[in-house]
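J.: Structure incoming, see below.
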Amino acid sequence: MTKKKLLIYAHYYIPDTASTGQILRELAEGMLDKFDITVICVVPSYLGTIEDKYKTQKYYEEEINGVKVLRIRVPEFSKTNKKSRVKNIVSYFVGAMRATFKVGKMDYVFSISQPPILGGLLGVWGKWVKHAKYIYNIQDFNPEQVLAVGYTKSKLITDAMMWFDKFSCKQSDLVITVGRDLVETVENRFKGKKIPKTVMINNWIDENEIYPLEQDNEKVVAFIPYQDKADLIYSLNAGDVHWCVNAKGIKGVSCPSKYYGLAAAGKPVIGVLESGSEVRCLIEDTHGGLCCEPGEYDKVEENIRWFIEHAGSGELKDMGSRSRENLEKNLTRNVSVRKYAEEILKL
C-alpha cells in the first residue's frame with residue numbers, strides 16, 4: 001500500500017543539537033513505517049557558524065535514515081547579536097516558503113512552534129500550497145512565554161504575536177501539545193469558543209539510551225560543560241538527585257523536557273514548578289520527588305535538606321524506580337511516536 005506523504009517544517013534537524021531537532025528526528029524516523037516523510041530545515045547552523053560546503057547553493061538535498069531532507073542556506077549569526085539572529089530566522093522562514101514548492105504533493109503538513117509564531121505560519125502556508133491536512137505541534141506557547149519572562153513590554157508586539165499564533169491554531173486540523181497544562185492554554189486562548197481540535201502527547205526519551213547506572217556514592221561536586229547526547233547517560237547518572245526548574249508564569253506555556261531524561265535515569269527530582277504543570281503532575285503522580293512553587297525559597301531549602309537527610313536511603317531509590325517504571329509504560333519514544341501517527345491518520 002502506498003504510504004501517505006508527510007512534510008515536516010523542522011527549522012533545525014540533525015546533526016544540529018537543538019532539542020526540537022532531536023525530537024523531530026526521532027519522530028520522523030519512528031513514523032517511516034506509516035508515512036513517506038520529507039523535512040525542510042536549515043543547513044547545520046545551530047551554533048551560528050556554517051561549514052563552507054553549505055555556502056554555495058540555495059538548497060541541499062539528502063536522505064538521512066530514510067527521511068528526505070531539504071536544507072535551506074541561511075546566513076551565519078551570533079546569539080549575542082539580535083540583528084543577525086533575526087536575519088537568520090527570516091531567511092529560514094522565506095526559504096522554507098519557497099522550498100515548499102520543491103517537495104511535491106503532500107497529504108499532511110506538520111510544523112512546530114519554532115521559530116516562535118513563524119513556525120505555525122509556515123504550517124499554514126504548507127497547508128494552503130499543498131492542500132493538505134495541517135498538524136501544529138506546540139512545544140512552547142508564544143507570546144505567553146515572552147510575557148512570562150518579561151522579554152518585551154510592547155503590547156502592540158505581543159498582541160500581534162497572539163493574533164498570528166491563534167490564526168495558526170485556527171487553520172490547523174489538529175493541535176498537539178506536550179502537557180495537560182498546555183491543553184488548558186489552548187482552551188484559555190479561545191475562551192471556550194471554537195477551540196481547535198487539540199490532543200496532548202508527552203515528549204519522550206529513548207529508554208534504551210538512558211537508564212540507571214550503579215552509583216559509587218562519591219561526595220563531589222563538578223561543574224561540567226555541555227555534554228554530547230552520547231554522553232548524556234553518564235551526566236544524568238552522576239547525581240543522586242536532580243533539579244527540574246521553571247520560572248513562575250511558565251505553566252501552560254512550556255514543558256521542561258529534561259524531566260524525561262531524569263526519569264529514564266531513575267533519579268528523584270527536586271521540582272520547582274507551578275502546581276498543575278505537566279512535569280509537576282508527573283512527579284507527584286509517581287511520587288518521584290519533592291516539589292514546590294517557584295519563589296518558595298524556604299520550601300526549596302526544606303526539600304534539599306530532606307534529600308540530604310535521606311541520602312542513600314531506600315526512599316530515594318524508590319522515587320527513581322517509580323519514575324523509571326512510569327516512563328517505560330507511558331513516556332518512551334515508541335509510545336509517543338505511535339500516538340503521533342495515530343492522531344495524524346485520524347484526520
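Numbering (my numbering), first residue to last: 1 to 347.
Cβ coordinates follow ideal geometry from the N, Cα and C atoms, glycine included.
Does the Cβ of H287 have 16 or more other Cβ atoms within 10 Å, making it buried, or fewer, making it exposed?
T.: Taking the sequence shown and counting its residues from 1, the one referred to as residue 287 is at position 287. Exposed: under 16 other Cβ atoms inside 10 Å.
J.: If you drop the 5 nearest sequence neighbours on each side, which residues of the same chain put their C-beta closer than 6 Å to that of I40?
T.: In the sequence shown, residue 40 corresponds to position 40, counting from 1. Hits under 6 Å: Y9, L70, A96 and A99.
J.: Looking at the secondary structure, which residues open and close the alpha helix (DSSP H) in which V167 lies?
T.: Counting from one through the sequence shown, the residue named residue 167 turns up at place 167. Note on identity: in this sequence residue 167 is Phe, with Val being the wrong assignment. Unbroken alpha helix (DSSP H) run through F167: K155 to Q171.
J.: Which two residues bound the contiguous alpha helix (DSSP H) that contains G119?
T.: Here residue 119 corresponds to residue number 119 of the sequence shown, with the count starting at 1. G119 -> alpha helix (DSSP H) spans L118 to K130.
J.: Measuring CB to CB, does G271 end up less than 9 Å from V245?
T.: By one-based count along the sequence shown, residue 271 stands at place 271. By one-based count along the sequence shown, residue 245 stands at place 245. Going by C-beta atoms, G271 is nearer than 9 Å to V245.
J.: Below 8 Å on the Cβ atoms is my guess for G120 versus D165; work out the distance and round it to an integer in Å.
T.: The count along the sequence shown starts at 1 and reaches residue 120 at position 120. The count along the sequence shown starts at 1 and reaches residue 165 at position 165. Contact flag correct, Cβ pair sits at about 6 Å.
J.: Quick check on the DSSP output: what are the complete alpha helix (DSSP H) runs of length 4 or more inside the region 229 to 263, in order along the chain?
T.: Whole alpha helix (DSSP H) segments, 4+ residues: 232 to 237.
J.: Grab me the residues of I233's own chain with a C-beta within less than 8 Å of its C-beta, minus the 5 sequence neighbours each way, in chain order.
T.: In the sequence shown, residue 233 corresponds to position 233, counting from 1. E209, I210, Y211, L213 and A265, listed in sequence order.
J.: Would you mind reading off the limits of the alpha helix (DSSP H) that contains G312?
T.: Start at 1 with the first residue of the sequence shown, and residue 312 comes out as number 312. Careful: G312 lies outside any alpha helix (DSSP H) and carries neither H nor E.
J.: Per DSSP, what kind of secondary structure is R71 in: helix, strand or coil?
T.: For this step, residue 71 is matched to residue 71 along the sequence shown. Of the three classes helix, strand and coil, the one that applies to R71 here is strand, per DSSP.
J.: Quick check: what's the CA-CA separation for E29 versus L327?
T.: In the sequence shown, residue 29 corresponds to position 29, counting from 1. In the sequence shown, residue 327 corresponds to position 327, counting from 1. C-alpha separation (whole angstroms): 20 Å.
J.: Run the CB neighbour count on W163, radius 10 Å, all protein chains shown included, and call it buried at 16 or more, exposed below.
T.: Position 163 of the sequence shown, counting from 1, holds the residue named residue 163. Per the 10 Å Cβ criterion, exposed.
J.: Please classify K102: does DSSP put it in a helix, a strand, or coil?
T.: For the purposes of this step, residue 102 is taken as the residue at position 102 of the sequence shown. The answer is helix: DSSP assigns K102 an H, G or I state.
J.: For N237, I'd like the list of residues in its chain whose CB is within less than 8 Å of its CB, leaving aside the five on either flank, ordered along the chain.
T.: Here residue 237 refers to the residue found at position 237 of the sequence shown. So the qualifying residues of the chain are P212, L213, Q215, A265 and K267.
J.: Give me the residue from E293, V178 and E343 with the minimum Cα distance to S257.
T.: On the sequence shown, residue 257 is found 257 positions in, with the first residue counted as 1. Among E293, V178 and E343, the Cα nearest to that of S257 belongs to V178.
J.: Comparing C-alpha positions only, which one of L347, K346 and A341 sits nearest to D353?
T.: For residue 353 there is no data in the structure shown, the boundaries of the chain being 1 and 347.
J.: Taking Y46 as the reference, give the member of I14, C281 and D285 with the closest Cα.
T.: Walking along the sequence shown from the start, residue 46 turns up at place 46. Closest by alpha carbon: I14.
J.: Using the beta-carbon count (16 or more within 10 Å), is A160 buried or exposed?
T.: Here the question's residue 160 lines up with position 160 in the sequence shown. It is exposed - the Cβ of A160 has fewer than 16 other Cβ atoms within 10 Å.
J.: Does the Cβ of I308 have 16 or more other Cβ atoms within 10 Å, making it buried, or fewer, making it exposed?
T.: On the sequence shown, position 308 is the one that residue 308 refers to. The residue in question, I308, is exposed, as its Cβ has fewer than 16 Cβ neighbours within 10 Å.
J.: What does the alpha-carbon distance come out to for the pair I23 and Q114?
T.: What you label residue 23 is simply residue 23 of the sequence shown in a count that begins at 1. What you label residue 114 is simply residue 114 of the sequence shown in a count that begins at 1. Roughly 12 Å separates the two Cα atoms.
J.: Specify the secondary structure class of G48 as computed by DSSP and reduced to three states.
T.: Position 48 of the sequence shown holds residue 48. Coil.
J.: D173 and Y134: beta carbons closer than 9 Å?
T.: Taking the first residue of the sequence shown as position 1, residue 173 is located at position 173. Taking the first residue of the sequence shown as position 1, residue 134 is located at position 134. Taking 9 Å as the Cβ cut-off, D173 and Y134 qualify as a contacting pair.
J.: Determine the DSSP secondary structure at L27, reduced to helix, strand or coil.
T.: Along the sequence shown, read from residue 1 onward, the residue named residue 27 stands at position 27. Helix.
J.: Ends of the alpha helix (DSSP H) at S336?
T.: If you number the sequence shown from 1, residue 336 lands on position 336. Its alpha helix (DSSP H) spans residues R333 to L345.
J.: Does DSSP put G276 in a helix, a strand or coil?
T.: Translated into positions along the sequence shown, residue 276 becomes position 276. In this structure, G276 counts as coil in the three-state DSSP scheme.
J.: Please name the residue in Q171, S168 and N142 whose C-alpha comes closest to that of T158.
T.: For the purposes of this step, residue 158 is taken as the residue at position 158 of the sequence shown. Minimum Cα distance to T158 is reached at N142.
J.: Roughly how many whole angstroms lie between the Cα atoms of D52 and I72?
T.: In the sequence shown, counting from the first residue as 1, residue 52 sits at position 52. In the sequence shown, counting from the first residue as 1, residue 72 sits at position 72. The alpha-carbon atoms of D52 and I72 are separated by roughly 14 Å.
J.: State the Cα-Cα distance for the pair I344 and N137, rounded to the nearest angstrom.
T.: Taking the first residue of the sequence shown as 1, we reach residue 344 at position 344. Taking the first residue of the sequence shown as 1, we reach residue 137 at position 137. Approximately 11 Å between the Cα atoms of the pair.
J.: Just to confirm, is the Cβ distance from R189 to G276 under 9 Å?
T.: Along the sequence shown, one-based indexing puts residue 189 at 189. Along the sequence shown, one-based indexing puts residue 276 at 276. It is not a contact, given that the beta carbons lie outside the stated cut-off.
J.: Measuring alpha carbon to alpha carbon, tell me which residue in N202, L273, V183 and L122 is nearest G261.
T.: Numbered from its first residue, the sequence shown carries residue 261 at position 261. Cα-wise, what sits closest to G261 is N202.
J.: Do you know offhand how far V129's Cα is from G48's?
T.: Along the sequence shown, one-based indexing puts residue 129 at 129. Along the sequence shown, one-based indexing puts residue 48 at 48. So the two alpha carbons sit approximately 30 Å from each other.
J.: Classify L147 as helix, strand or coil using the three-state DSSP reduction.
T.: In the sequence shown, counting from the first residue as 1, residue 147 sits at position 147. In the structure shown, L147 sits in a helix (DSSP, three-state: H, G or I).
J.: Going straight from the alpha carbon of L282 to that of E293, what length do you get?
T.: Residue mapping note: residue 282 aligns to position 282 of the sequence shown, counting from 1. Residue mapping note: residue 293 aligns to position 293 of the sequence shown, counting from 1. Cα-Cα distance, rounded: 15 Å.
J.: By the 10 Å Cβ neighbour count, where 16 or more other Cβ atoms means buried, how is T20 classified, buried or exposed?
T.: As a working note, residue 20 is residue 20 in the sequence shown. With 16 or more other Cβ atoms within 10 Å, it is buried.
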